[in-house]
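K.L.:
Basically the numbering used here = 1-based index in the sequence shown + 633. Could you have a look at this structure, given as structure tokens, before my questions?
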Amino acid sequence: MANNKIINSINEISAVSEETVANVEEADALTSENLNEANFVKELVSELICVSEKMDKYQ
Numbered sequence: 634m635a636n637n638k639i640i641n642s643i644n645e646i647s648a649v650s651e652e653t654v655a656n657v658e659e660a661d662a663l664t665s666e667n668l669n670e671a672n673f674v675k676e677l678v679s680e681l682i683c684v685s686e687k688m689d690k691y692q
């Protein structure tokens with residue numbers, strides 16, 4: 634009886650651990666995606682700054 638409770642507890646801990654790992658992996662993927670998007674936005678802002686500077690020269 635006690636062994637069954639221990640086994641059930643271990644199984645529950647294992648399931649929670651697997652879910653935690655999955656959540657961390659998902660968070661890592663989202664972080665990478667956010668970094669990629671942030672770098673893309675950075676490039677766009679740089680281009681806008683260049684265009685703005687060129688426009689200032691012609692005004």
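Ideal Cβ positions, reconstructed from N, Cα and C, are used throughout, including at glycine. All values reported here derive from a predicted model rather than from experimental measurement.
1) Rounded to whole angstroms, what is the Cα-Cα separation between ASN672 and ASN637?
2) Return the CA-CA distance between VAL684 and VAL674, expressed in angstroms with no decimal places.
3) Following the continuous alpha helix (DSSP H) through MET688, name the residue where it begins and the one where it ends.
P.N.:
Short version:
1) 52 Å
2) 15 Å
3) 635 to 691
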